[in-house]
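Engineer: The structure under discussion is supplied below as structure tokens; questions concerning it will follow.
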Amino acid sequence: MTHSTSLNGQVALISGAARRIGAAIAQTLHHAGMNVVIHYRSSVKDAEQLKQTLEAQRPNSVLLLQADLLQTETLPKLVKEATQKWGRLDLLVNNASSFYPTEVGQITEAHWDDLMGSNLKAPLFLSQAATPALQKQGGNIINIVDIHGLRPLKGHPLYCAAKAGLTMLTQSLAKELGPEIRVNGIAPGSILWPEGEAEVSNAVQQQITEQSALKRQGGAEDIANTVLFLVRDGGYISGQIIAVDGGRMLSER
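Mapping of the sequence shown onto the working numbering: position 79 corresponds to residue 79, and the numbering continues sequentially without gaps.
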């Protein structure tokens with residue numbers, strides 16, 4: 001990245017960007033002038049709708065790429081396609097993630113492969129594949145970690161271990177890839193409540209929110225704005241994990 005605050009014409013690849021936090025990151029970076037590569041696995045309708053919305057604002061500024069990130073051998077091709085569209089790559093955001101409980105006694109090898117694969121293995125191999133292109137631009141890698149990579153969440157030992165691994169991978173890559181590439185992590189707290197089998201009750205939501213210093217839930221835009229800050233304004237920041245959690249890490253519970 002240059003030291004200029006302008007991101008116009010720069011290119012960001014965001015994994016898992018069709019919905020939720022990933023989509024907010026794509027929208028924020030696009031609004032700041034970046035061209036965005038939206039990776040998705042199965043949310044094709046959401047991805048296409050997001051592309052249509054963004055390209056209504058700026059034509060030829062969005063590329064959609066479908067891939068299963070657990071198929072490691074396909075990741076170099078994904079990065080190559082992302083780079084070829086505009087001839088450069090300035091930012092990789094490793095956002096895609098699986099999240100669900102795995103209680104001890106019920107954990108399977110399939111759980112391990114999925115949670116470790118999406119939260120740790122894929123970010124490593126995507127980062128490795130993207131390194132040559134990012135080096136040319138003096139670019140960035142930003143990993144979406146989790147405060148539960150720093151403090152365990154009951155019932156989720158495998159997910160927490162994977163995010164803890166991603167925390168250390170973030171710091172290690174910052175050391176390995178500097179000075180050309182800056183690598184940082186963002187650890188969300190209560191931003192968007194999980195869906196499906198990981199869904200939590202309103203009472204639990206309220207309890208978690210009360211544990212934060214700010215006593216309120218954050219939004220996906222809080223994560224997206226932190227990504228933008230790190231890319232555009234954080235030129236001397238590398239190897240850091242920034243908790244965006246309303247002060248929940250301060251809680252003793």
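Glycine residues also receive a C-beta, built at the ideal position from the N, C-alpha and C atoms. Bear in mind that the values here come from a model prediction, so they are computed numbers and not experimental data.
(1) In chain order, what residues of the same chain have a beta carbon less than 6 angstroms from the beta carbon of ASN35, not counting five sequence neighbours either side?
(2) Just to confirm, does ALA32 get its C-beta within under 6 angstroms of one of the non-hydrogen atoms of the ligand MN?
(3) Give me the Cα-Cα distance between ILE141 and TYR236, rounded to the nearest whole angstrom.
(4) Following the continuous beta strand (DSSP E) through GLN66, name the residue where it begins and the one where it ends.
(5) Unbroken alpha helix (DSSP H) runs of length 4 or more, entirely within the region 49 to 95: which are they?
(6) Based on Cα-Cα distance, which residue from LEU230, LEU7, SER6 and ALA26 lies nearest to SER15?
(7) DSSP has TYR40 in a bridge; who is on the other side?
(8) Just the Cα atoms here: how many angstroms apart are CYS160 and ARG88?
(9) When the distance is taken between beta carbons, is LEU64 closer than 7 angstroms to LEU13?
(10) With DSSP as the reference, label PRO132 as helix, strand or coil.
(11) Which residues in the same chain have their Cβ closer than 8 angstroms to the Cβ of GLN49, if we skip the five residues on either side of it in sequence?
(12) Cα separation between GLY139 and ARG182?
(13) Provide the residue span of the alpha helix (DSSP H) that contains ARG232, from first to last.
(14) Three Cβ pairs or more, each shorter than 8 angstroms: is that satisfied between the region 214 to 228 and the region 116 to 128?
(15) Going by DSSP, what residue range makes up the beta strand (DSSP E) through ALA164?
(16) From the beta carbon of LYS51, is the nearest beta carbon of chain C less than 7 angstroms away?
(17) So for ILE241, helix, strand or coil by DSSP?
(18) Taking only the alpha-carbon atoms, compute the straight-line gap between GLU109 and ILE241 and give it to the nearest angstrom.
(19) Can you tell me whether ARG248 is buried or exposed, with buried defined as 16 or more other CB within 10 angstroms of its CB?
(20) For ASP146, I'd like the list of residues in its chain whose CB is within less than 7 angstroms of its CB, leaving aside the five on either flank, ordered along the chain.
(21) Measure from the alpha carbon of VAL244 to the alpha carbon of each residue in SER6, SER238 and PHE229, then state which is nearest.
(22) Given that a residue counts as buried once 16 or more other Cβ atoms are within 10 Å of its Cβ, and exposed if not, what is ASN8?
Structural biologist: If we stick to the structure as given:
(1) VAL11, SER61 and TRP86
(2) The model depicted lacks the ligand MN and carries no ligand whatsoever.
(3) Those two C-alpha atoms are separated by around 14 angstroms.
(4) 62 to 66
(5) 75 to 86
(6) ALA26
(7) GLN66
(8) Annotation: CYS160 to ARG88 spans about 34 angstroms, alpha carbon to alpha carbon.
(9) Taking 7 angstroms as the cut-off, the Cβ atoms of LEU13 and LEU64 do not count as close.
(10) helix
(11) There are no such residues.
(12) 7 angstroms
(13) 220 to 232
(14) no
(15) That residue, ALA164, is in no beta strand (DSSP E); its alpha helix (DSSP H) goes 157 to 177.
(16) Structure shown: chain C not included; a single protein chain is present.
(17) strand
(18) 29 angstroms
(19) Under the 10 Å beta carbon count, ARG248 is surrounded by 16 or more other beta carbons and is classified as buried.
(20) LYS163, ALA187 and PRO188
(21) That would be PHE229, whose Cα lies nearest to the Cα of VAL244.
(22) exposed
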